[in-house]
Amino acid sequence: MTRSIIELTPTAEDHRIARHAAAAIVLTVAEAAIPLPLPGVKPGLANIVTLIVLARWGWREAAWVALLRVFAGSLLLGQFLAPGFFLSLSGAVASLFVLGIAMHLPPRWFGPVSQSILAAFAHIGAQLVIARVWLVPHDGVFYLTPVFAAAALIFGVVNGLVAARLLAELRTRAAPAGPVGG
């Protein structure tokens, strides 16, 4: 009996996605250690990485980073296939859907900050729907909407500002130097 070996050769894109996913996973795990005032209210720091990847490499790579973060983060935190995993997955999918649309809107008005806000609202909206349909079969869950919407707005703005700042720094570093003495 002969054994056949299948060898997969990762591309530069694979390495880039892995690096960004690793950064997002680290932020997810670190965020899990932060005490939360309300269950389910998180800053979503890993979304900063997703926004940067979206701006620099497009939606496809951002989707890979976001979904790898959800799966690997849930495995590392011991939440894989638990309700929190499905809430996180639904939020990530909804955010990616909205980001896929938002990236085609005029960049003058829809940059990292507005994209982050839209994604945060999509994320929390999907989580509230899943919570209502599956975990809390009562409309009372929607009474929390103002609290979660306020958190989405605040964290969406903050994460978007951080992503915009990091993108500006990356552009500055990548810009060629001007003429000497010019």
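For the sequence shown, my numbering assigns the number 1 to the initial residue and increments by one for each residue that follows. Don't be surprised by glycine CBs; every beta carbon is placed ideally from N, CA and C.
Cβ shell of residue i (< 7 Å), same chain only, five flanking positions each side left out
i: I117; result: L153, G156, V157 and G160
i: L135; result: P83
i: L167; result: I52, A55 and P112
i: P251; result: Coverage of the chain is limited to positions 1 through 182, which leaves residue 251 absent and any answer about it impossible.
i: A32; result: L77
i: Q79; result: F85
i: G100; result: W59
Own chain residues within Cβ distance below 6 Å of residue i, not counting five before or after
i: W57; result: none
i: W64; result: I17
i: A122; result: A94, S95 and V98
i: G182; result: Any reading at G182 needs caution, since the residue's pLDDT is 45, under 50, leaving its predicted position unreliable; the model's value is listed next. So no residue of the chain qualifies.
i: A23; result: V49
i: N47; result: N159
i: H20; result: V49, V53 and V65
i: R132; result: V141
i: L27; result: L45 and A46
i: A119; result: S95, V98 and L99
i: F148; result: I124
i: V162; result: I48
i: I229; result: Outside the displayed span of the chain (1 to 182) sits residue 229, for which this structure offers no information.
Terminal residues of the alpha helix (DSSP H) in which residue i lies
i: H123; result: P112 to I130
i: E31; result: A12 to A32
i: V147; result: T145 to A174
i: V49; result: A46 to W57
i: S88; result: P83 to A102
Residues near residue i in its chain [Cβ-Cβ closer than 8 Å; skip 5 each side]
i: I25; result: A46, L68, R69, A72, G73 and L76
i: P137; result: none
i: G91; result: A122, H123, I124, A126 and Q127
i: L170; result: I52 and R56
Next on the checklist: Can you confirm whether the stretch 29 to 41 touches the stretch 58 to 67 when touching is taken to mean that 3 or more C-beta pairs between the two stretches lie within less than 8 Å?
Outcome noted: no
Checklist entry - Does the stretch 125 to 134 come close enough to the stretch 75 to 90 that 3 or more CB-CB pairs lie under 8 Å? => result yes
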